[in-house]
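Worksheet: one structure, shown below.
Chains as they are written, first to last, in my numbering: chain A, 1 to 126; chain B, 1001 to 1193; chain C, 2001 to 2111.
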């Protein structure tokens, strides 16, 4: 706390920042718990995609509300956009690679509407 | 020889001009990175953008798209709400005691397999509900998604309904009028594989 | 604020530890990629919490860089490292004399 500004709005911003920091940290922790507890690669991927992305966004929101300077906020917005754009791509590539190399126990999937044969995988087109 | 050099130059310039959205996007990113809007930043970003577009050319995106502010805002708002709900849902599944829920793979055939809309729908559906896109087929618009908890997602049909709903929102926000009409006409027919 | 920061930091640190557990346990390269991504996210989170506490903005470029690098790591592993073992094994079963290490298909087909 470098500056003391006893205004209502700054107090409110700090409170909201604190709440979103806590929520973000909780979601990050939950994502990690999921990544350790889930027993399939795809289940873990779910944990790493959704709660982790929102957790990071909330942490950055808390940070933005604390520093309150435009140059910082624009950079943080950029991080959020990168995160939103890249996390699904990474998740998709990892899960597709898992399927194609046969690392997924397909019997555990009920129903499994994709009859997949790792040896006869369709050619890459991306 | 002079002539051919001029045509390649012209082709290259045309390619740069055709990629103006990428150029604008890169410039915006550059300005955001520096954090303040000044002429030096905008020009520097433009110069770097031209360099990137010329040095690392991408294939052009063939689809036409537009943007409707109203539905796009609706899509964004719904996306934020769904992201929060889905995140806490997955977080709760992760930390609650007991075994992991029944997972499944569901296939859904989107009404419009054009690249832009297929990609947008796939990216959004990975983030939003309890699904993860495993495989996509570009020419048929077939999306295979992994569902973390099939029972609470309303079974395979619930997942399909949600994804088609999501695609509908994406199309209403970004698709040109004729594509929208074509998809509306298809709505009565069978949309499932 | 100090309570909030300490609580958040503890949670994110625990997340980083769990990510390390996943990294160590594997079992496949893809699980490690996933753990690595989680670890990068936890690092970003810790830097963000520290910056939120001290209200400093100098560390924010680190966040930008790290959020990008984590992504590149997983994509690279998904595209190359994950493909090798099964492809090599499959070909080795077909033909014991084949040399492992060559990708069976061209990666940059359509541009």
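For glycine and all other residues, C-beta sits at the position ideal for the given N, C-alpha and C.
message: Between residue 16(A) and chain B, is the shortest Cβ-Cβ distance under 8 Å, so that the two count as touching?
response: To locate residue 16(A), count along the first chain from 1; it is residue 16. No, because no Cβ of chain B sits closer than 8 Å to the Cβ of residue 16(A).
- request: Taking all protein chains shown into account, decide if residue 1066(B) is buried (16 or more other Cβ within 10 angstroms of its Cβ) or exposed.
  value: As a position in the second chain, residue 1066(B) is number 66, starting the count at 1. By the 10 Å Cβ count, residue 1066(B) comes out exposed.
field: Within-8 Å CB hit, residue 19(A) to chain B
entry: Locating residue 19(A) in the first chain gives position 19, counting from the first residue. No, no contact with chain B.
- prompt: For the candidate residues 2060(C), 2067(C), 2025(C) and 2055(C), whose alpha-carbon lies nearest to that of residue 38(A)?
  reply: Position 38 of the first chain, counting from 1, holds the residue named residue 38(A). Taking residue 38(A) as reference, the option from 2060(C), 2067(C), 2025(C) and 2055(C) with the minimal CA-CA separation is 2025(C).
field: Endpoints, the alpha helix (DSSP H) within which residue 1171(B) is located
entry: Looking up residue 1171(B) in the second chain gives position 171. Start and end: 1155 to 1174.
- prompt: What separation, rounded to the nearest whole angstrom, lies between the Cα atoms of residue 2003(C) and residue 2043(C)?
  reply: Sequence index remark: in the third chain, residue 2003(C) carries index 3 (1-based). Sequence index remark: in the third chain, residue 2043(C) carries index 43 (1-based). Each residue's alpha carbon lies about 20 Å from the other.
- prompt: Once you ignore the five residues that flank residue 61(A) on each side, which residues in its own chain have a CB closer than 7 Å to its CB?
  reply: Mapped onto the first chain, residue 61(A) falls at position 61. Excluding sequence neighbours, residue 61(A) sits near 20.
The region 1166 to 1181 of chain B contacting the region 1089 to 1101 of chain B, beta-carbon criterion three pairs below 8 Å: Under the Cβ criterion (8 Å, minimum of three pairs), the region 1166 to 1181 of chain B does not count as touching the region 1089 to 1101 of chain B.
CA nearest to the CA of residue 1008(B), picked from 1054(B), 1034(B) and 1020(B): As a working mapping, residue 1008(B) is identified with position 8 in the second chain. Cα-wise, what sits closest to residue 1008(B) is 1054(B).
message: Need the endpoints of the beta strand (DSSP E) that residue 1135(B) sits in, please.
response: What you label residue 1135(B) is simply residue 135 of the second chain in a count that begins at 1. Segment 1131 to 1137, the beta strand (DSSP E) holding residue 1135(B).
message: Quick check on residue 24(A) - is its C-beta less than 8 Å from some C-beta in chain B?
response: The count along the first chain starts at 1 and reaches residue 24(A) at position 24. Cβ-Cβ to chain B under 8 Å: no for residue 24(A).
query: When you compare each of 2074(C), 2055(C) and 2071(C) to residue 72(A) by their alpha carbons, which one comes out closest?
result: Counted from its first residue, the first chain places residue 72(A) at position 72. Looking at the Cα atoms, 2055(C) is the closest of the given residues.
- prompt: Nearest CA to the CA of residue 1123(B): which residue from 91(A), 13(A) and 98(A)?
  reply: Here residue 1123(B) refers to the residue found at position 123 when the second chain is read from its first residue. Residue 91(A) is the option with its Cα nearest to residue 1123(B).
query: For chain C, is any of its Cβ atoms less than 8 Å away from the one on residue 40(A)?
result: Residue numbering aside, residue 40(A) sits at position 40 when the first chain is read from its first letter. It does not; no Cβ of chain C falls within 8 Å.
is_contact[residue 98(A), chain C] using C-beta, thresh 8 Å: Taking the first residue of the first chain as 1, we reach residue 98(A) at position 98. Closer than 8 Å: yes.
message: At a CB distance below 7 Å, what residues from the region 41 to 71 of chain A approach chain B? Give them in sequence order.
response: 42, 43, 45, 46, 47, 49, 50, 51, 53, 54, 70 and 71
query: Where residue 24(A) and residue 1114(B) are concerned, what is the direct C-alpha to C-alpha distance, given to the nearest angstrom?
result: In the first chain, residue 24(A) corresponds to position 24, counting from 1. In the second chain, residue 1114(B) corresponds to position 114, counting from 1. When rounded, the distance between both Cα atoms is 35 Å.
message: Using a 10 Å radius around the Cβ and a threshold of 16 neighbouring Cβ atoms, would you call residue 18(A) buried or exposed?
response: Locating residue 18(A) in the first chain gives position 18, counting from the first residue. Buried, because 16 or more other Cβ atoms sit within 10 Å of the Cβ of residue 18(A).
- request: May I ask you to report which of helix, strand or coil DSSP gives residue 1177(B)?
  value: Within the second chain, the letter at position 177 stands for residue 1177(B). Helix.
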